[in-house]
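Residue numbering for the sequence shown follows full-length UniProt numbering, beginning at 1 and increasing consecutively. This report concerns only the one structure given below.
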Amino acid sequence: CSRPGTVGLNTETDSTMTRLLTAAILAVALLVVNADDDYSAEFEKLDSRLDGITSRIHNLVAKIDSRVDPETIRKAHSLEERVIKLEGNQCGKREFQCGSKDPQCVPALFVCDGVKDCRNGHDEDNCDLPTNVGAQFDGHTITHSCNNHRPDTLGFEITKVRRDPYFQTVAFVRANVHLSYTDATKSFALHLPTTGYYNFGVRKLVLLPTNEERLIIVCDFDGYNFDRCQGSVKRESTLEVCSTVLFVRKQNDE
1 CSRPGTVGLN TETDSTMTRL LTAAILAVAL LVVNADDDYS AEFEKLDSRL DGITSRIHNL
61 VAKIDSRVDP ETIRKAHSLE ERVIKLEGNQ CGKREFQCGS KDPQCVPALF VCDGVKDCRN
121 GHDEDNCDLP TNVGAQFDGH TITHSCNNHR PDTLGFEITK VRRDPYFQTV AFVRANVHLS
181 YTDATKSFAL HLPTTGYYNF GVRKLVLLPT NEERLIIVCD FDGYNFDRCQ GSVKRESTLE
241 VCSTVLFVRK QNDE
């Protein structure tokens, strides 16, 4: 189905194209009915022109459709969110920026709770969960100083989700963290069960420590691109970031 706001435009575009084609065809038909055989060459010219008009109309419709394509819009919003994150949004750490030409900050805990708190209703616009059951993400380590074992692979899989109907802004999850690394003598592969939560107000997944090293995995989504998130690994005691990771959704994840 179409995204809200695109149905009317697509219908109007199709209707316009149909009217143009119908008018052109009727014009040619009238000429054929009222003309003699001597005008066959003119008919061929008109037929060629009609083909050209049809082609241009289809190209125009394709350009319009590309501008309202949901995937194109999603990518544009995702890029906008990255810019906002770099520049800042004038809201506090635990606040949500409503956006638009009339900026407004609301408490992050009000986001996706079923009630529109932003004047533009943006706090209830993007409430799909990017970490549903079965979601798998592979990590690409960028920096690492948490310990002496830089991971060869790091990823996680969501195994269970619970969302309280009376506290919709947070989804509680269970997950398995997959980790492998190699030392001087052999390779290790670990599969560590853990718990955590996804906070819609800050668009963040947090996976709690899985072993004695007490490391927290955090993944920041932008609210539009559900296929990647900016990850970090933090020490539980100080919340110091000791590793940065780019997590990307596995392609076979549906």
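Positions of the beta carbon are idealized from the N, C-alpha and C atoms, including for glycine. Remember, it's a predicted structure, so these values are computed and weren't measured experimentally.
Item                                                                                                                                                                : Value
Grab me the residues of Val206's own chain with a C-beta within less than 7 Å of its C-beta, minus the 5 sequence neighbours each way, in chain order.              : Gly196, Tyr197, Ile216, Val218
Less than 7 Å between C-beta atoms, sequence neighbours within five positions excluded: which residues of the same chain meet that for Val106?                      : Glu95, Phe96, Cys98, Asp117, Cys118, Asp123
Grab me the residues of Leu208's own chain with a C-beta within less than 6 Å of its C-beta, minus the 5 sequence neighbours each way, in chain order.              : Thr194, Thr195, Gly196
Kindly indicate the opening and closing residues of the beta strand (DSSP E) around Leu192.                                                                         : 187-199
Can you determine whether any heavy atom of the ligand HEM sits closer than 8 Å to the C-beta of Thr244, and answer yes or no?                                      : Absent from the structure shown: the ligand HEM. Ligands present: none.
In chain order, what residues of the same chain have a beta carbon less than 8 Å from the beta carbon of Ser187, not counting five sequence neighbours either side? : Asp152, Ser180, Tyr181
Does the distance from the C-beta atom of Cys146 to that of Arg235 stay below 9 Å?                                                                                  : yes
Apart from the five residues on each side of it in sequence, which residues of its chain come closer than 6 Å, Cβ to Cβ, to His144?                                 : Arg150, Ser243
Suppose the cutoff is 6 Å on Cβ atoms and the five residues either side in sequence are ignored; what does the same chain contact list for Leu246 look like?        : His140
Could you give the DSSP three-state label for residue 272: helix, strand or coil?                                                                                   : Past the boundaries of the shown model lies residue 272; the chain is included only from 1 to 254, so the question cannot be answered.
Please confirm whether Val111 and Gly201 have their CB atoms less than 9 Å apart.                                                                                   : yes
So Gly155 and Asp138 are in contact, right, with Cβ under 8 Å, and what is the actual spacing, rounded?                                                             : 4 Å
So if DSSP puts Arg228 in a beta bridge, which residue, or which two residues, is it bridged to?                                                                    : Val248
Grab the span of the beta strand (DSSP E) containing Glu95 for me, first residue to last.                                                                           : 95-97
Which of the three DSSP states is assigned to Asn59 in this structure?                                                                                              : helix
Return the CA-CA distance between Val173 and Val161, expressed in angstroms with no decimal places.                                                                 : 4 Å
Quick check on this structure: which residue in Leu239, Glu240, Leu192, Glu213 has the alpha carbon closest to the alpha carbon of Asn148?                          : Glu213
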